[in-house]
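Down below is the structure, laid out as structure tokens.
Protein chains: 2
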Amino acid sequence: MSIAESGEFGLIGRIVSRLDAGSATLLGPGDDAAVVRAADGRVVASTDVLVEGRHFRRDWCGPTDVGHRAAAANLADIAAMGATPTALLVALCVPVDLDPSWAEGLADGLTREAARCGASVVGGDISASPTLTIAVTALGDLGGLDPVRRDGARPGDILALAGRIGYAAAGYTVLSRGFRTPKILVEAYRRPELRYEAGPEAARRGATSMIDVSDGLVQDLGHLAAASAVGIDIRSGAFEVPDQMRDAAQALGTDPYQWVLAGGDDHPLAATFPAGTRLPEGWREIGSVHDGSGVTVDRKPWTGPLGWDHFR
Amino acid sequence: MSIAESGEFGLIGRIVSRLDAGSATLLGPGDDAAVVRAADGRVVASTDVLVEGRHFRRDWCGPTDVGHRAAAANLADIAAMGATPTALLVALCVPVDLDPSWAEGLADGLTREAARCGASVVGGDISASPTLTIAVTALGDLGGLDPVRRDGARPGDILALAGRIGYAAAGYTVLSRGFRTPKILVEAYRRPELRYEAGPEAARRGATSMIDVSDGLVQDLGHLAAASAVGIDIRSGAFEVPDQMRDAAQALGTDPYQWVLAGGDDHPLAATFPAGTRLPEGWREIGSVHDGSGVTVDRKPWTGPLGWDHFR
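Chains as they are written, first to last, in full-length UniProt numbering: chain A, 1 to 312; chain B, 1 to 312.
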């Protein structure tokens, strides 16, 4: 069956039946709008869009994988402000010949990833389109804390990272060369593994700035350095490059540090903390903040690829 | 110049420079997420997507028109809950050969329409895509009131409407037949004219249910009737069909009531109120609620088209 046959409202019904309400949901799908708890008196909000062929391929990722990835990309932005995600809204554009089971799998991935941090899908919209597109908006709650912005890093701060990095980019390269292993890399590309609590925990520990690394570490830290008017140095020795990544890089004739320093899609959080801060669990020191501008690696300019520009 | 030449971050800069911050904006574009005031402790949220070729045509509507329409479709959903809009987030997917000035015009339309109710564009995302697509999420504030849902209509209530209806559908038909006049109809299609305050005013006057009429009056009231488990009767004599609409219908060989009863895109609000309610300004009585199910027109089944299904 195609979505053209089940119709717009049939498809919405199929999807909504797969969603669970989270504790912040006061009114879920089915009305003109949802109502979500915002106990703090402020709401954190971010939007990210995934376009087939640009951000995912249906022959590389199942619908549930794509759902996890679409949710994670947005939930990570909320965590990067130091907030706890509460809700997702999803605008879904699908070709009329798409099997409704694909949209159901997507809904499963979205709702399961959201549930990992207590959030849920509270609303959305569906339209036909020649291009399969998933635009997700995430909402979150600061729990009384100040948002951790990109512009608060100060010279002398330490730079830290929570979450793995380079795995998804390695998996992307592996898949693009026609391979399906090593599994740990391919799976990392298909479905990021994030611990969203790392964001609020960093905020409580006094993080001076924070960013979701989605387009590549050097590029995203460049945004943070520019906003804070500081220089940032990354220490390459701080990264453990696992054997599978090293072996895959050798087999494919590439440098694994290009994945670590310029690869996107893992969505680790990068943050700066005052010198001497005892880092929260899951965070590791990877560099330092100094007077100046731009991003260096081991005190030298980075000459590899920068990261992802969605128009190039 | 194309967007491929200006690059992702160049385009974002051009757009963000055109946005104004509203009074609810605590942190606007430029970080991982925005922060918006939610003084009420709850936030109302809704998402609507516009796809080129389905919801708009670039040869019929300028970019600023499309921005107004995309914003209005979402802001109307917030108003239909009885809430006041506070913020918009926009996911924009554009062909790489699009002129950046088109995206700038879109941003102007979005921000001006949002400003009409005190809201502003606080964040977004941009990606390349073969299909020009605009997904907007609107946030709003209930100001201490209960949300006005679709399921509260009761037999004996009166049915009322705020805003014009049929104009945009008539304009769409005019344009699709290759005409550019009457101007009042064509302009109504290009740029809806809404008074968002009508939603909160209805809530304060005790509206028992409310809905944004976006897909056609009979179809959307059908959703309201089903949710409330009531029947709804529309009185066709309640609608003033202006001369331009009557003349256009005659010239095009159609019935103007098809535009009024089944046409979308004007986004008037329909609501039910307890019998005897003095309606707020701008609201007019158009029918009644009774025991039963479904929607009738002048107590008879409606045999015209129902409304819009985005897959048919």
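Beta carbons: idealized from backbone N, C-alpha and C, even for Gly.
- Message: Please state whether the Cβ-Cβ distance between P200/B and A24/B is less than 8 Å.
- Response: no
- Taking only the alpha-carbon atoms, compute the straight-line gap between S17/A and I78/B and give it to the nearest angstrom. 23 Å
- Residues from the region 145-160 of chain B in contact with chain A, defined by Cβ distance under 7 Å: P147, R149, R150
- Go ahead and label T181/B buried or exposed: buried means 16 or more other beta carbons lie within 10 angstroms of its beta carbon, across all protein chains shown. Exposed, because fewer than 16 other Cβ atoms sit within 10 Å of the Cβ of T181/B.
- Item | Neighbour list for C93/A in chain B, Cβ cutoff strictly below 7 Å | What C93/A touches in chain B: V49, V51, T133.
- Query: Are the CB atoms of G140/A and V44/A nearer to each other than 8 Å?
  - Reply: The answer is yes: Cβ separation under 8 Å.
- Candidates A170/A, A87/A, H223/A: which alpha carbon is nearest F9/B's? H223/A
- Quick one: grab the DSSP three-state call for R312/A. Only weak support exists for where R312/A lies, its pLDDT of 46 falling under 50; the value from the coordinates is given anyway. Of the three classes helix, strand and coil, the one that applies to R312/A here is coil, per DSSP.
- Of the residues that make up the region 7-19 of chain A, which ones have a beta carbon closer than 8 Å to any beta carbon in chain B? G7, E8, F9, L11
- Message: Going by DSSP in three states, L194/A sits in which element: helix, strand or coil?
- Response: coil
- Query: Can you name the start and end residues of the beta strand (DSSP E) that V174/B belongs to?
  - Reply: Careful: V174/B lies outside any beta strand (DSSP E), inside the alpha helix (DSSP H) at 167-176.
- Item | Nearest candidate by alpha-carbon position, reference I15/A, set L92/A, P280/A, A70/A, G304/A | L92/A
- Does the Cβ-Cβ distance between R42/B and L89/A come in under 8 Å? no
- Message: I'd like to confirm the pairing. Which residues does DSSP put opposite L159/A in its beta bridges?
- Response: L159/A pairs with T272/A, G287/A.
- Task: Enumerate in chain order the residues of its own chain whose CB-to-CB distance from G166/B is below 6 Å, with the five nearest sequence positions on each side excluded.
- Result: W259, V260, G263
- Have a look at S129/A and L106/B and give me their C-alpha separation to the nearest angstrom. Across the structure, S129/A and L106/B are spaced so that their CA atoms are roughly 20 Å apart.
- Task: Using a Cβ cut-off of 7 Å, pull out every chain A residue sitting near V43/B, in sequence order please.
- Result: V36, A38, V43, L139
- H55/B to S214/B, Cα distance in whole Å? 12 Å
- Query: Any beta-carbon of chain B closer than 8 Å to the one on R312/A?
  - Reply: Its pLDDT being 46, under 50, R312/A is placed unreliably in this model, and the coordinates cannot settle the point.
- Contacts around T111/A, its chain only, beta-carbon distance under 7 Å, and the 5 residues preceding and following it disregarded: R18, L19, D20, S120, V121
- Could you pull out every residue in the same chain whose Cβ sits closer than 6 Å to the Cβ of P63/A, ignoring the five residues on either side in sequence? So the list reads W102, G105, L106, once near-sequence residues are dropped.
- Taking DSSP as the reference, what is the three-state secondary structure of V213/A? coil
- Item | I12/A versus D108/A - alpha carbon distance | 13 Å
- Message: Check for me: the alpha helix (DSSP H) holding G105/A runs from which residue to which?
- Response: 100-115
- Message: Based on DSSP bridge pairs, tell me the residues matched to F56/A.
- Response: Bridge partners of F56/A: E52/A.
- Anyone know if the C-beta pair for D243/A and A249/A falls short of 8 Å? no
- Quick one: Cα of A135/A to Cα of P274/A, how far? 36 Å
- Query: Tell me, which residues are paired with G292/A by DSSP?
  - Reply: According to DSSP, which records beta bridges pairwise, G292/A is partnered with nothing at all.
- Using three-state DSSP, classify R42/A as helix, strand or coil. DSSP places R42/A in strand when its eight states are reduced to three.
- Do the region 221-238 of chain A and the region 169-181 of chain A make contact, defined as three or more Cβ pairs closer than 8 Å? no
- Message: Taking the straight line between their C-alpha atoms, what separation do you get for G237/A and G28/B?
- Response: 36 Å
- Item | Span of the beta strand (DSSP E), counted from its first residue to its last, around S120/B | 120-128
- Query: How is T64/A classed by DSSP in three states: helix, strand or coil?
  - Reply: helix
- Item | Option in R284/B, D99/B, P305/B, E113/B with minimal Cα separation from Y196/B | E113/B
- Message: Using a Cβ-Cβ distance cut-off of 8 Å, determine whether R299/A contacts chain B.
- Response: no
- Reduced DSSP category for V260/B - H, G, I as helix; E, B as strand; rest coil: helix
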